[in-house]
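Residue numbers (UniProt numbering): 1 to 86.
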């Protein structure tokens, strides 16, 4: 994995997408020194929402995310509505 700044300690981050109820929907593991926004789209694209009938939905209507995931490279409004909260 990556190194933690000046300390040169190997580390990792776990990125988790959860439902309103707190059920994990998608998990990504990254190096500690990688920016969070690099994993946002992959994390959201792995979600599979079960519905009543037919093919599972793969796109949530709305995503609430930590501001660390904010980046110009994340498309706003094209695929899903993203709200960043503290």
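Built from N, CA and C at the ideal position, the CB exists for glycine as well.
These figures come from a predicted structure and were not determined experimentally.
Boundaries (first-last residue) of the alpha helix (DSSP H) holding residue i
| i | result |
| --- | --- |
| residue 41 | 40-45 |
Beta carbon of residue i nearer than 9 Å to that of residue j
| i | j | result |
| --- | --- | --- |
| residue 26 | residue 46 | yes |
| residue 42 | residue 13 | no |
| residue 11 | residue 33 | yes |
Option nearest residue i by Cα separation, candidates the options
| i | options | result |
| --- | --- | --- |
| residue 23 | 35, 33, 50, 67 | 50 |
| residue 44 | 60, 20, 52, 30 | 60 |
| residue 18 | 48, 31, 30 | 48 |
In DSSP terms, what residue i is bridged to
| i | result |
| --- | --- |
| residue 28 | 15 |
| residue 20 | BP columns for residue 20 are empty, so no partner. |
Alpha carbon of residue i to alpha carbon of residue j, nearest angstrom
| i | j | result |
| --- | --- | --- |
| residue 38 | residue 20 | 23 Å |
| residue 90 | residue 69 | With the chain represented from 1 up to 86, any question about residue 90 goes unanswered, as that position is not in the structure. |
| residue 64 | residue 15 | 13 Å |
| residue 62 | residue 28 | 19 Å |
| residue 66 | residue 52 | 30 Å |
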